[in-house]
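Below is one structure, written out as structure tokens, with a few remarks after it.
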Amino acid sequence: MRVEDLDFRVDSGVYAPAEDSFLLMDAIDFDRDDVFLDVGCGAGLLTLGAARIARRVVAIDISLKAARNTLRNLKRNGLGFPCSVMQSDLLDSIPPAVLFSVIAFNPPYLPYDGTTTDMDHALLGGVKGTELAEHFIQQAVRHLQKEGSIFVVSSSLANIKDLQNVMVNCGLDIKIVASLSIFFEKIQVLKGIQQ
Ligand SMILES: C[S@@+](CC[C@H](N)C(=O)[O-])C[C@H]1O[C@@H](n2cnc3c(N)ncnc32)[C@H](O)[C@@H]1O
């Protein structure tokens, strides 16, 4: 899917898709049987990409502005049908019995350095940069179908080793499926497959 082919708009206060968003999107091969959960959907790039292929798509974001932005982008492009969009802090609003074949999160992954901006909710992942992503993994494995996959973005500026340890401790086999060096950081997409 090319974003140029969509009527895709980004509302103020919502993360505009960047290199990390496109790296994650290109790393996932959706299947028509997939039931997909897009965590931290932002303006909905990944949700729209999945909606064209997957059987069912659920998009969640802690930011109400982001959830509304995703919903509007889906409607603008006639892609509302297989999708639900909700405001949720990580997977807190997902009922325990609901399972997905693919779960992805391009999380806020920068370490907190004492400065603040109005986009912190989309950029800062904790003191190490990986705390939110680690918490995400612990929740996501409980909502994964057998042989399902979790995709998560991380940066060399954060503590990727700690994130990988949490993934292994949660019973996932890890692969680095995409990476990109930009300026002074390297971003990576980690794929965890349930063993
Ligand atoms: C880096 S942006 C990625 C947005 C979009 N997925 C993309 O790739 O363009 C991170 C997103 O995660 C959301 N987010 C941050 N903390 C969250 C949480 N605890 N639960 C759900 N979403 C969260 C932010 O609001 C933001 O939209």
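Each step along the sequence shown adds one to the number in the working numbering, with nothing skipped, and position 133 is 120.
Built from N, CA and C at the ideal position, the CB exists for glycine as well.
These numbers come from a predicted model, not from an experiment.
Element boundaries [alpha helix (DSSP H), containing residue i]
i    : result
Q151 : 147 to 156
Anticipated Cβ contact below 8 angstroms, residue i with residue j, distance rounded
i     : j    : result
D21   : A41  : 4 angstroms
V26   : L78  : 7 angstroms
S141  : T102 : Contact flag wrong, Cβ pair sits at about 21 angstroms.
L97   : Q74  : In fact, because the Cβ distance is near 23 angstroms, the residues do not count as touching under 8 angstroms.
K173  : S136 : Actually they do not touch by this definition, with Cβ atoms about 22 angstroms apart.
D7    : C28  : Not quite, the Cβ-Cβ distance comes to about 14 angstroms (not below 8 angstroms), so this is no contact.
L150  : A120 : 5 angstroms
D(-6) : N64  : 6 angstroms
V176  : F138 : 6 angstroms
L66   : L35  : 6 angstroms
A30   : A3   : 7 angstroms
Contact test: residue i Cβ vs ligand 1 heavy atom, cutoff 7 angstroms
i     : result
C28   : yes
I124  : no
P94   : yes
H130  : no
D(-8) : no
I40   : no
P83   : no
A53   : yes
L177  : no
S168  : no
I161  : no
L150  : no
I174  : no
D76   : yes
D7    : yes
S50   : yes
CB contact below 8 angstroms: residue i versus chain C
i    : result
K148 : Absent from the structure: chain C. Only one protein chain is present.
Opening and closing residue of the beta strand (DSSP E) in which residue i lies
i      : result
G179   : 172 to 181
S(-1)  : First-last for S(-1): undefined, no H or E at that position.
V(-10) : No beta strand (DSSP E) holds V(-10); DSSP gives it neither H nor E.
A5     : Element bounds for A5: n/a, residue is neither H nor E.
### Message
Three or more C-beta pairs under 8 angstroms: does that hold for the region 64 to 73 against the region 93 to 110?
### Response
no
#### Entry: Complete runs of the beta strand (DSSP E) confined to the region 70 to 145 [at least 3 residues]
70 to 74, 87 to 92, 111 to 113, 131 to 142
#### Entry: Completely contained beta strand (DSSP E) runs for the region 10 to 77, where each covers 3 or more residues
Note on the region 10 to 77: whole beta strand (DSSP E) runs with a minimum of 3 residues are 22 to 26, 43 to 48, 70 to 74, in chain order.
### Message
For the structure I just gave you, are there three or more beta carbon pairs, one from the region 80 to 91 and one from the region 57 to 66, closer than 8 angstroms?
### Response
no
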